[in-house]
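Peer 1: My questions all concern the structure below.
4 protein chains.
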Amino acid sequence: MTDPTFRDDMTVQLVKHSAADEDVVFAARVSTKGAESLPTGTFGPAEKGLINFLMRDRHGSPFEHNSMTLYVEAPIFVLREWQRHRVASYNEESARYRELKPVFYLPADDRKVVQVGRPGRYTFEPGTRMQRYTARRSIEMSAYEAWAYYREMLGEGIAREVARSVLPVSIYSSMYVTLNARSLMHFLSLRTEEEAARFPSHPQREIAMCAEQVEAIFAELMPVTYAAFQANGRVAP
Amino acid sequence: MTDPTFRDDMTVQLVKHSAADEDVVFAARVSTKGAESLPTGTFGPAEKGLINFLMRDRHGSPFEHNSMTLYVEAPIFVLREWQRHRVASYNEESARYRELKPVFYLPADDRKVVQVGRPGRYTFEPGTRMQRYTARRSIEMSAYEAWAYYREMLGEGIAREVARSVLPVSIYSSMYVTLNARSLMHFLSLRTEEEAARFPSHPQREIAMCAEQVEAIFAELMPVTYAAFQANGRVAP
Amino acid sequence: MTDPTFRDDMTVQLVKHSAADEDVVFAARVSTKGAESLPTGTFGPAEKGLINFLMRDRHGSPFEHNSMTLYVEAPIFVLREWQRHRVASYNEESARYRELKPVFYLPADDRKVVQVGRPGRYTFEPGTRMQRYTARRSIEMSAYEAWAYYREMLGEGIAREVARSVLPVSIYSSMYVTLNARSLMHFLSLRTEEEAARFPSHPQREIAMCAEQVEAIFAELMPVTYAAFQANGRVAP
Amino acid sequence: MTDPTFRDDMTVQLVKHSAADEDVVFAARVSTKGAESLPTGTFGPAEKGLINFLMRDRHGSPFEHNSMTLYVEAPIFVLREWQRHRVASYNEESARYRELKPVFYLPADDRKVVQVGRPGRYTFEPGTRMQRYTARRSIEMSAYEAWAYYREMLGEGIAREVARSVLPVSIYSSMYVTLNARSLMHFLSLRTEEEAARFPSHPQREIAMCAEQVEAIFAELMPVTYAAFQANGRVAP
């Protein structure tokens, strides 16, 4: 029997893509150029200006003709939030079809664990050493105990889909998500902490940890689009 | 401190709706009648025949001009499957914004707990008394233990969003889901056990328990549409 | 043979709905109240405040648990723009299944017909009397001529789906559209002239004429939600 | 002034893609293999069998982790039908932002022009020589006349968005469409003539001409997926 292991980080890995700033340009230019809009491979100030104009004036559809596929490992409570974004494609590891691995999320010691304020208008504080210790110990112990019940049931020949019901939402699962830049920007606009400054109903820290990695991948694949997104207040077009 | 309680059933309750067989008819008739298609309140054999024709020939869009809002209580592992259906609107209880209630799913004694066969081609067997006892006791005990950790953390002032990570996916959550008949039929086509006969990759029993209630609500609100769905092999148009 | 007739207005008519401000409230409150969120019929300052908070902080999903079905008559060039909005259900009159009616769009005399400026940054001017006369006469004459060809082909026994290809995009068609408040607000944010002040790429006047009627219907059904939309810059959450 | 030209064919051209049979495999295998499902580059009988199983049992989501972008030229009446498919991204040439080219659809002489039977249960017949002549001459003449009005208005300085209302739906427009294999198969299942055998409400010949080209592109990019689609009755999973 494998023992539980613990992580305090998230995996977001680019698996494949067809996504470049040029894709925004050819899609947009069909409006004014028809067949002459087909990709040419040139990209200069005019193309940059066009992308900025589209973002500013909320022309959303040109940002959809591209595709990124990510492999993600995160605890179930994070995947639950992520999968509420409907303009994307998901396939996830199944606790019905396979035995899960005993990998659980244990917050790092610098994860703030005390919430101050009321719903919609609160901040997080580090908490005392004792509070952080209690949190970490409880999460750790509960994982060990849940895992023991899970293994016991499997050992007795009980179906995985029944046994899995004892597992906590801190257990890691994995998924592929495929989405386009418009949907990705919408995700960033709701799930990163930059938003916390404007909207007091923060994203939870753990999904923000994923979103930051998504943002880095996006910024590298489509730097001009990303810069325009930043320059226009991080609101998806 | 409240003690855990256990349920072996699901709640699916109709909250509001604007859904009747007549809605399919007026939507379809705009094709051939334009303005004369506006609802008239008459419904007879011609209307019934039209609905059957639309279902058979897979004209899907006329089945979308209606709306049903359901209130659902089910364990998290069921809501996870449900929310993968993207053509619907969801709002769910938040374990970040409120303390959850200690209500957990404990399978009834007749829930078959042993899976025989390989992925994609298996059946479920009741299992021995001992197996069923082990399953029920493990699920029950793990709920008690997880709940104790959860309460301890909250008692120490730790944020709900941190504490909730120890809770198992057997805990109940609640949500509203709003969807139209076309999306609902697609849900039924994948999540009821009638499908198991045709497709060996069964829905899990617990989501089928929800789907059966959805089906009963749908059959009452739109009986002619439901009959046509049945008559055409339970495949959504 | 019927002669062409001309209109300079659009029809947008509420056919049925299940949409009220209360629907936003119960959907949102499930986050914090679970089962206690079920509709109670009370609506006061707290409910109003909640709706405003949701709009401001871009919590979009509570605005989806409602449904409005509209009957629309507009020229094809308007329906083309409208149907690009994908989060909605459409059924339209079919020129394959029925002979269309000879009703065409002829702009009113106060429709500005001259465009000044470059793409993305232009205004419309009334134009000279001569220009307005040319526009109206050309549109009128072309409708008569196209209609004559259409009727001639139908008279010769040629299929409607072939004959219809001569009809201009100024001909009226009719459709039903069903959508929720969130999608409707997104439509308003792009298709009304209030937007023209902020975004120089205007909606065309004719779809704005439809959007104004949609807006009036929405403001009457969901006045608090509408006020919050206005107060938050007419951007859909 | 350019004179109208006529075409009887459709353009469907692959612009870019990230789509291969392997994409279905890695997405599906995350269910049972988690991280070990990452693409390996091997593709043999097991992978083929998996794709066939997924198609047969209607596991749709693994067919979504891929992307194809097509450039299309077709008459407006075809694009209107195409754009009703909502699970795809579109950008189209704009008759508001540019002057259209005078290219019109003129059916080839072998296009059957006479419809026999009633809605939902009809066939097409070639028609007499006279009927085919009438159809072709009417469509041709109407294009010339509409184009003359259009050019006259533009010559007088009238805005493109006003002038375009005289143009018939036979005029060609161009668009980009980006979609995944699942959505593409759904499109094929409704818009190709293979379907006519099963469902008497045929797709119109002209959109089927596009769909045939889409099908050829798909069959080349994802041959195993395409074969599975064929083998399972051409119904999208």
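Residue numbers (numbering that gives the first Met the number 0), protein chains in the order written: chain R, 0 to 236; chain P, 0 to 236; chain C, 0 to 236; chain F, 0 to 236.
Glycine residues also receive a C-beta, built at the ideal position from the N, C-alpha and C atoms.
Please classify A26/R as buried or exposed, where buried requires at least 16 neighbouring CB atoms within 10 angstroms.
Peer 2: Within the first sequence, numbered from 1, the residue matching residue 26/R stands at position 27. By the neighbour-count criterion, in which a residue is buried when 16 or more other Cβ atoms sit within 10 angstroms of its Cβ, A26/R is buried.
Peer 1: Enumerated in chain order, which unbroken segments of the alpha helix (DSSP H) with a length of 4 residues or greater are wholly contained in the segment 39 to 108 of chain P?
Peer 2: 44 to 55 and 75 to 81
Peer 1: Quick check on F13/F: does DSSP put it in helix, strand or coil?
Peer 2: On the fourth sequence, position 14 is the one that residue 13/F refers to. Sequence inspection shows Leu at residue 13/F; the Phe mentioned does not correspond to that position. Three-state DSSP puts L13/F in a strand.
Peer 1: When you compare only the Cα positions, how much space is there between H317/F and P202/F?
Peer 2: Past the edges of chain F, shown from 0 to 236, lies residue 317/F, and the structure says nothing about it.
Peer 1: Hey, how far is the Cα of F62/C from the Cα of L178/C?
Peer 2: Position 63 of the third sequence, counting from 1, holds the residue named residue 62/C. Position 179 of the third sequence, counting from 1, holds the residue named residue 178/C. Rounded to the nearest angstrom, the two C-alpha atoms are 11 Å apart.
Peer 1: According to DSSP, is P236/F part of a helix, a strand, or is it coil?
Peer 2: Locating residue 236/F in the fourth sequence gives position 237, where the first residue counts as 1. The answer is coil: DSSP assigns P236/F none of H, G, I, E or B.
Peer 1: At least one CB of chain R closer than 8 Å to the CB of R57/P: is that the case?
Peer 2: Counting from 1 along the second sequence, the entry for residue 57/P is found at position 58. Residue contact with chain R for R57/P: absent (no Cβ-Cβ distance below 8 Å to any residue of chain R).
Peer 1: How is Q114/P classed by DSSP in three states: helix, strand or coil?
Peer 2: Here residue 114/P is taken as the residue at index 115 of the second sequence, counted from 1. In the three-state reduction of the DSSP assignment, Q114/P falls in the strand class, which pools E and B.
Peer 1: Using the beta-carbon count (16 or more within 10 Å), is P44/P buried or exposed?
Peer 2: Reading the second sequence from its first residue, position 45 is the one you call residue 44/P. By the neighbour-count rule (16 or more Cβ atoms within 10 Å), P44/P is not buried but exposed.
Peer 1: Using a Cβ-Cβ distance cut-off of 8 Å, determine whether A18/C contacts chain F.
Peer 2: Position 19 of the third sequence, counting from 1, holds the residue named residue 18/C. No - not a single Cβ of chain F is within 8 Å of the one on A18/C.
Peer 1: Going by the beta-carbon positions, is the gap between S17/F and S66/F smaller than 8 Å?
Peer 2: Within the fourth sequence, the letter at position 18 stands for residue 17/F. Within the fourth sequence, the letter at position 67 stands for residue 66/F. Yes, the pair counts as a contact, with Cβ atoms nearer than the cut-off.
Peer 1: Chain R partners of R97/F, CB-CB under 8 Å?
Peer 2: Mapped onto the fourth sequence, residue 97/F falls at position 98. The contacting residues are S30, T31, K32 and G33.
Peer 1: On the criterion of 16 or more Cβ atoms from any shown chain inside 10 Å, does E192/P qualify as buried, or is it exposed?
Peer 2: In the second sequence, counting from the first residue as 1, residue 192/P sits at position 193. Taking all protein chains in view, the Cβ of E192/P is surrounded by fewer than 16 other Cβ atoms within 10 Å, so the residue is classified as exposed.
Peer 1: Contact criterion: CB-CB distance below 8 Å. Does A26/R meet it with respect to chain P?
Peer 2: The residue given as residue 26/R occupies position 27 in the first sequence. False, the Cβ-Cβ gap to chain P never drops below 8 Å.
Peer 1: The alpha helix (DSSP H) that contains T133/P, what's its start and end?
Peer 2: As a working mapping, residue 133/P is identified with position 134 in the second sequence. Here the alpha helix (DSSP H) through T133/P covers R128 to G154.
Peer 1: At the level of alpha carbons, what is the spacing between P74/P and K15/C?
Peer 2: The count along the second sequence starts at 1 and reaches residue 74/P at position 75. The count along the third sequence starts at 1 and reaches residue 15/C at position 16. Straight-line Cα distance between these residues: approximately 35 Å.
Peer 1: Could you give the distance in angstroms between the alpha-carbon of Y149/C and the alpha-carbon of E155/C?
Peer 2: By one-based count along the third sequence, residue 149/C stands at place 150. By one-based count along the third sequence, residue 155/C stands at place 156. Cα-Cα distance, rounded: 10 Å.
Peer 1: Determine whether the Cβ of S169/R lies closer than 8 Å to any Cβ atom of chain P.
Peer 2: Translated into positions along the first sequence, residue 169/R becomes position 170. So yes, S169/R belongs to the interface.
Peer 1: How would you write the range of the beta strand (DSSP E) that M174/P sits in, first residue to last?
Peer 2: Indexing the second sequence from 1 puts residue 174/P at position 175. Going by DSSP, M174/P is part of the beta strand (DSSP E) stretching over Y171 to L178.
Peer 1: Determine the contact status of H84/P and S182/P, defining contact as a CB-CB distance below 8 Å.
Peer 2: For the purposes of this step, residue 84/P is taken as residue 85 along the second sequence, with counting starting at 1. For the purposes of this step, residue 182/P is taken as residue 183 along the second sequence, with counting starting at 1. Yes, they are a contact pair.
Peer 1: Determine, using beta-carbon pairs with one atom in the segment 0 to 8 of chain F and one in the segment 95 to 114 of chain F, whether at least three such pairs fall under 8 Å.
Peer 2: yes
Peer 1: Could you please give the first and the last residue of the uninterrupted beta strand (DSSP E) stretch that includes R159/F?
Peer 2: The count along the fourth sequence starts at 1 and reaches residue 159/F at position 160. Where R159/F is concerned, there is no enclosing beta strand (DSSP E), although the alpha helix (DSSP H) it sits in stretches over R159 to A162.
Peer 1: Looking only at its own chain, which residues have a Cβ that is under 7 Å from the Cβ of K47/C, when we skip the five neighbours before and after it?
Peer 2: Here the question's residue 47/C lines up with position 48 in the third sequence. Same-chain partners within the cutoff: V223.
Peer 1: State the start and end residues of the unbroken beta strand (DSSP E) segment that holds E124/P.
Peer 2: Residue numbering aside, residue 124/P sits at position 125 when the second sequence is read from its first letter. Taken as a continuous stretch (DSSP letters only), the beta strand (DSSP E) holding E124/P covers R120 to E124.
Peer 1: Would you tell me roughly how many angstroms separate the C-alpha atoms of V71/F and V176/R, rounded to the nearest one?
Peer 2: Walking along the fourth sequence from the start, residue 71/F turns up at place 72. Walking along the first sequence from the start, residue 176/R turns up at place 177. The alpha-carbon of V71/F is positioned some 28 Å away from that of V176/R.
Peer 1: Quick check on the burial criterion: 16 or more other C-beta atoms within 10 angstroms. Buried or exposed for R128/R?
Peer 2: Position 129 of the first sequence, counted from the first residue, corresponds to residue 128/R. Around the beta carbon of R128/R, fewer than 16 other beta carbons lie within 10 angstroms, which makes this residue exposed.
Peer 1: Can the beta-carbon of I138/C be found less than 8 Å from the beta-carbon of V168/F?
Peer 2: Within the third sequence, numbered from 1, the residue matching residue 138/C stands at position 139. Within the fourth sequence, numbered from 1, the residue matching residue 168/F stands at position 169. The answer is no: Cβ separation not under 8 Å.
Peer 1: For T191/R, name the three-state secondary structure that DSSP assigns.
Peer 2: Along the first sequence, read from residue 1 onward, the residue named residue 191/R stands at position 192. Residue state, collapsed to three classes: coil.
Peer 1: Determine the extent of the beta strand (DSSP E) in which T4/R is found, giving its start and end residues.
Peer 2: Along the first sequence, one-based indexing puts residue 4/R at 5. T4 to R6 is the span of the beta strand (DSSP E), which, as asked, contains T4/R.
Peer 1: So, with DSSP's three-state summary, where would you put P222/C?
Peer 2: Here the question's residue 222/C lines up with position 223 in the third sequence. It is helical.
Peer 1: In chain order, what residues of the same chain lie with their CB nearer than 7 Å to the CB of R190/C, ignoring the 5 residues before and after it?
Peer 2: Translated into the one-based positions of the third sequence, residue 190/C becomes position 191. Within the same chain, R190/C has close Cβ partners P202, I206, A207 and A210.
Peer 1: Given that A106/C touches chain F, what residues does it touch there, using C-beta distances under 7 Å?
Peer 2: Taking the third sequence and counting its residues from 1, the one referred to as residue 106/C is at position 107. For the sequence presented, residue 106/C should be read as Pro rather than Ala. Result: V161.
Peer 1: Here's a check: name, in chain order, each residue in its chain whose Cβ is nearer than 6 Å to the Cβ of Y143/P, leaving out the five neighbours to either side.
Peer 2: On the second sequence, position 144 is the one that residue 143/P refers to. Counting only Cβ-Cβ distances below 6 Å, and skipping sequence neighbours, we find P3.
Peer 1: For Q229/F, count the other beta carbons within 10 Å of its own beta carbon; 16 or more makes it buried, fewer makes it exposed. Which is it?
Peer 2: Your numbering for residue 229/F matches position 230 in the fourth sequence. Result: exposed.
Peer 1: Quick one, which of S188/F, Y225/F, F217/F and Q212/F has its alpha-carbon nearest V234/F's?
Peer 2: Residue 234/F sits at position 235 when you count from the first residue of the fourth sequence. Looking at the Cα atoms, S188/F is the closest of the given residues.
Peer 1: Using the beta-carbon of each residue, which ones in chain C are nearer than 7 Å to R79/F?
Peer 2: Here residue 79/F corresponds to residue number 80 of the fourth sequence, with the count starting at 1. Near R79/F (Cβ distances below 7 Å), the residues of chain C are R79.
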